[in-house]
Amino acid sequence: MLPFLDQIFLILTTSPGNLAYHLILAFSIAGALQSSINHWRRTGYPQGQRMVIGLTLLLLVQLIQFAMAALSWQGVIDPEAFLPPLDRLVILLSLVIIAWIWLFPEPSRLADAATLLLSFLVIAASIVSLLWWREQPLDQPYNGTLADIGSDILAIVLIGVNFLILLMRRPNGWGFSVSFFGLMLLGFGLRWWAPQPESDYAGIVRLAQLMAYPLLFSLPLRFPLPVETALVASQAPAASLKEIRRYRADPAFISELLGLAVERNPLQLKQKMTRLVSELMVADVALLLSPPDEAGQIVVSTGYNLIKQQPISSFSVETRSLPVLASALRRGRIVRLPSSSTSTDLMSLARPLNLERAGHLLAAPLLAVDGSVRQGLVLLLPYSNRGWTLEDQENLARFANIFSDMLSRLEAAPPPVAHDSTMATAPEESVAEFSAQLEELQQQLSLERQRAENLASLVADLSDYQQRITELEQEALSWQAAVESQRRTSAAEIEAIQGELRLALEELAQLRRSQADAAAELPVAASTPASPLPAGMPVEKYLQEIRQPLKSLHDNVHSLLSAAVQSGSAGQLKSLERVKASVERLTILLDDWARAIELNASLATSPPALVALKDFIDHVVREATPQFHQRSIDLRLNVPEQLPVASVNANALQQILENLLSYFSSTSTQNSQVSLTVNLQSKENEPDFLFLQVVDPAQTVDADDLPRLFSRLLPPARLTQPVAQKLAAVKALVEAQDGRVWADPLTGQGLIINVLLPVQVVSAPLHSGDSIAT
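Numbering-wise (the working numbering), the sequence shown opens with residue 7 and increments by one.
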């Protein structure tokens, strides 16, 4: 057996056989490097960047050794004087670099500094051994010398320390690292059994390297790709796929974003910022935290939980528990961490939030004008099975810049002038009390006066709008008479009339926007206790007064259109058509406003009631079944055998179910199948939720139509207005109950609509046929 091993060792340590040794190591490192580069490009994780840096250094060391060996083959340098110490240097330096890649996948200043210092020590020791070896006789073999024994002992110590750190940290894929260092330790240990005293190189160590280095291919496998990236890679080519947009862009969100610019309360501004970015980025948890302070603490000032729909109170975390996040905040960098990361950041954030895991992390700094870090915005996905992409990172960076500007303007704003009270220094305690009470009463009086002025201005604005609409109606009648009398006028006169119509159209559009703003503020102002609005003047009265002149204006414009058609004036006809479309649009908006007021009134007067959920849902489904039978649609109901009695708004729940079923009975194809699934989601110390899911495998919705599926004003083009209003009503009812409703596409074809409603369970589940105690 020994002669056979001696032949193998001789091939690995002498030329040209050792060429295979150098090529196998180089190809193993290059293959792992290519996989790491692909992983880094697709995920952007900092772990991928560290793998690429480490494997690049490792490949560079091997190429330097290969180049020195090639020079020795050509006789440029003396192989006996340079190559043996260089071989030991490459082995030790490779062990240090591989240990750094495997043991510390996340950025760590302490680990990076220790690795760099150890590398310098290894290089310095190798330089000393090289100078010592040049003074020795040329016929003396390097194996068995003091420098050789010292390098073996140093290698065994490094491997032992690596094993100890592996058992303490246990990073991802630590089983492969144990196998790698185990093979290397076996090679150095067996060298004492087969020392090769006549050679300058360690043949058995080189054999162990040939068996261990292919394990470097497992480095990129430690961090799996995000779910969305993996799905895209496993399906059709990227050019044939159209990415589903995951960001909401409706007027409500734009209004909220604009409302942040006028917020003057710092705490409320931060709370609104976290809630808005959580909804826009579809992040389960959003946190706003401060940079590390001098006491070694990172304070989370506020946050928002999108799943629970509630804000997160302030808490603090030690800086040493968040090494990656603290380092990124100090340097003003954006950081992404996968849920599989071994860094303590994820666990340290999940613990105060009472989460089992923090999920994928994405953080961006809020930079001040001078480049200092003002705050940090952190997004977590503890409930969602998806990862953050480069597009998410860019979007969060944009939001961070916007929020940073808002905080800068808020801090730069002059502070409110404090009230100067001369009575504060009065010696008598009663005088101080009286002064404080008087100041409080003056503030209340000022607020009440301001409210009264605002309401009066709103009522005056509505009267002005109505008067202006009447004037526009009279102008339209005069234009009609002018058109009838000037059918054969010159082109210059027709052009002048068109200019007047264009100006009227712009003014009408401006009035429509002003009227919508005033109408939106009037119900809120009217609901305040100190409203000066006289009794007997409901909002419906103003709606009716606005509808009458609108209808008259619509009829007059229609008459003008008929006259324009007969006269053959193309420009005048287009202007009148635009006026008519604007009037019809304003009429639709008023109708929608009236329906919204009626819906809110009906919900406000319908208190929660005890409902047997199974019987209630069965009854609603039975009432809706004939609609499906008329179109030969099979309606499947999946309800648990036992459902509890719960306190819920029965009127709202009934309307939600009826509108959902009516929508699918109208839009599903004939001879198809629609399923309704009902579940009760209940967790300890958390509110209960009623989960409704309607699945239609045959219905197809374009990706661009998904965000507008529940829109009242801009529904998908394929839906008629009555059908589109059903889903808009579902959304309004669900959100009025503090619930959630969303739509998801099925793979290939199909539509899923999910509804999550909060309920309060008041009894244990009942069997069918049991009664409810009153």
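All C-beta atoms, glycine included, are put in the ideal place defined by N, C-alpha and C.
* Is the region 83-99 in contact with the region 52-62, if contact means three or more CB pairs nearer than 8 angstroms? -> Between the region 83-99 and the region 52-62 there are fewer than three inter-stretch CB-CB distances shorter than 8 angstroms, so the stretches are not counted as touching.
* Under the three-state DSSP convention, the category F88 falls into -> If DSSP states are grouped into helix, strand and coil, F88 belongs with the helices.
* Starting from T280, follow the alpha helix (DSSP H) in both directions and report where the run begins and ends. => It spans 272-286 - the alpha helix (DSSP H) in which T280 sits, taken as one unbroken run.
* For I318: DSSP bridge partner residues -> DSSP lists G309 as partners of I318.
* Asked: If you check the beta carbons only, do R281 and Y310 fall under 8 angstroms apart?
  -> Taking 8 angstroms as the Cβ cut-off, R281 and Y310 qualify as a contacting pair.
* To do: Report yes if the C-beta distance between V684 and L641 is below 8 angstroms; otherwise report no.
  => Taking 8 angstroms as the cut-off, the Cβ atoms of V684 and L641 do not count as close.
* To do: Taking only the alpha-carbon atoms, compute the straight-line gap between T660 and Q687 and give it to the nearest angstrom.
  => Per the sequence shown, the amino acid found at residue 660 is Gln instead of Thr. Straight-line measurement puts the Cα of Q687 at about 19 angstroms from the Cα of Q660.
* Asked: Between the region 104-113 and the region 170-177, are three or more C-beta pairs nearer than 8 angstroms?
  -> Touching, yes, given that three or more Cβ pairs across the two stretches are closer than 8 angstroms.
* Would you say the region 217-227 touches the region 175-185, given that touching needs at least three Cβ pairs under 8 angstroms? -> The region 217-227 vs the region 175-185: in contact.
* Per DSSP, A200 forms a beta bridge with which residues? -> According to the DSSP secondary-structure assignment, A200 is paired through a beta bridge with no residue.
* Residues in its own chain within less than 7 angstroms of T121 by CB, not counting five upstream and five downstream? -> Once the five neighbours on either side are set aside, the close Cβ partners of T121 are V102, W106.
* **Check whether D694 and L757 have beta carbons under 8 angstroms apart** => The Cβ-Cβ distance between D694 and L757 does not fall below 8 angstroms.
* Asked: Which class does W106 belong to by DSSP, given the choice of helix, strand or coil?
  -> Helix, per DSSP.
* Asked: Got a sec? Which residues, its chain only, sit under 6 angstroms from A148 by beta carbon, not counting five neighbours each side?
  -> Residue identity differs from the one stated: residue 148 is Tyr in this sequence, not Ala. Around Y148: P90, D154, D206.
* Asked: Are three or more beta carbon pairs between the region 612-624 and the region 645-656 nearer than 8 angstroms?
  -> With the rule of 3 Cβ pairs closer than 8 angstroms, the region 612-624 counts as touching the region 645-656.
* If you count every other CB in all the chains shown that lies within 10 Å of the CB of E141, and 16 or more means buried, which is it? -> Classification for E141: exposed.
* Asked: When the Cα of I313 is compared with those of L25, V585, V291, which residue comes out closest?
  -> From the listed residues L25, V585, V291, the smallest Cα separation to I313 is found for V291.
* Take L762 as the anchor and find which of T753, V768, V736 has the nearest alpha-carbon. => Measuring from the Cα of L762, the nearest candidate turns out to be V736.
* **Whether L373 touches S410 by CB criterion (8 angstroms)** => Result yes, Cβ atoms of L373 and S410 sit closer than 8 angstroms.
* To do: Could you spell out where the alpha helix (DSSP H) holding W138 opens and where it closes?
  => From DSSP, the alpha helix (DSSP H) with W138 extends over 115-140.
* Are R228 and N178 close, meaning C-beta to C-beta below 8 angstroms? -> Taking 8 angstroms as the cut-off, the Cβ atoms of R228 and N178 count as close.
* Report yes if the CB atom of P329 is closer than 8 angstroms to the CB atom of S347, and no otherwise. => Not in contact: P329 and S347 (Cβ atoms no closer than 8 angstroms).
* Reduced DSSP category for Q766 - H, G, I as helix; E, B as strand; rest coil -> The answer is strand: DSSP assigns Q766 an E or B state.
* Starting from the Cα of A161, find the closest Cα among W138, L127, N665 and give me that residue. => Ranking W138, L127, N665 by Cα distance to A161 puts L127 first.
* To do: With a cut-off of 8 angstroms on the beta carbons, I'd call L266 and L275 a contact; round off their distance for me.
  => Your pair L266 and L275 checks out as a contact, with CB atoms roughly 6 angstroms apart and the cut at 8 angstroms.
* Asked: The beta strand (DSSP E) spanning F695 covers which residue range?
  -> Unbroken beta strand (DSSP E) run through F695: 694-702.
* **N- and C-terminal bounds of the alpha helix (DSSP H) containing L328** => Premise fails: L328 is in no alpha helix (DSSP H) and is neither H nor E.
* Asked: Where does I758 fall in DSSP's three states?
  -> The three-state secondary structure of I758, taken from DSSP, is strand.
* Which ranges would you report for the beta strand (DSSP E) in the region 343-423 if only whole runs of at least 3 residues count? -> Counting only runs of 3 or more, we get 366-373, 379-387.
* Which residues in the same chain as S125 place their Cβ atom closer than 6 angstroms to its Cβ, once the five residues preceding and following it in sequence are excluded? -> Answer for S125: V102, listed in chain order.
* **Helix, strand or coil at Q687 [DSSP, three-state]** => DSSP places Q687 in strand when its eight states are reduced to three.
* Asked: With 16 other CB atoms within 10 Å as the buried threshold, where does S378 fall?
  -> When all chains shown are included, S378 counts as exposed.
* To do: Counting only the same chain and skipping the five closest in sequence on each side, list residues whose C-beta sits under 8 angstroms from that of A406.
  => The beta carbon of A406 sits closer than 8 angstroms to those of A370, P371, L372, L373, L383, all from its chain and outside the five residues before and after it, given in chain order.
* Locate the beta strand (DSSP E) running through L291, then write down its first and last residues. => Correcting the residue identity first, residue 291 is Val in this sequence and not Leu. V291 -> beta strand (DSSP E) spans 291-295.
* Going by alpha carbons, who is nearest to H45 out of I97, S34, T395, V288? -> Scanning I97, S34, T395, V288 for the CA closest to the CA of H45 turns up T395.
* Straight-line CA distance for I17 to G195? -> Between the alpha carbons of I17 and G195 lies a gap of roughly 21 angstroms.
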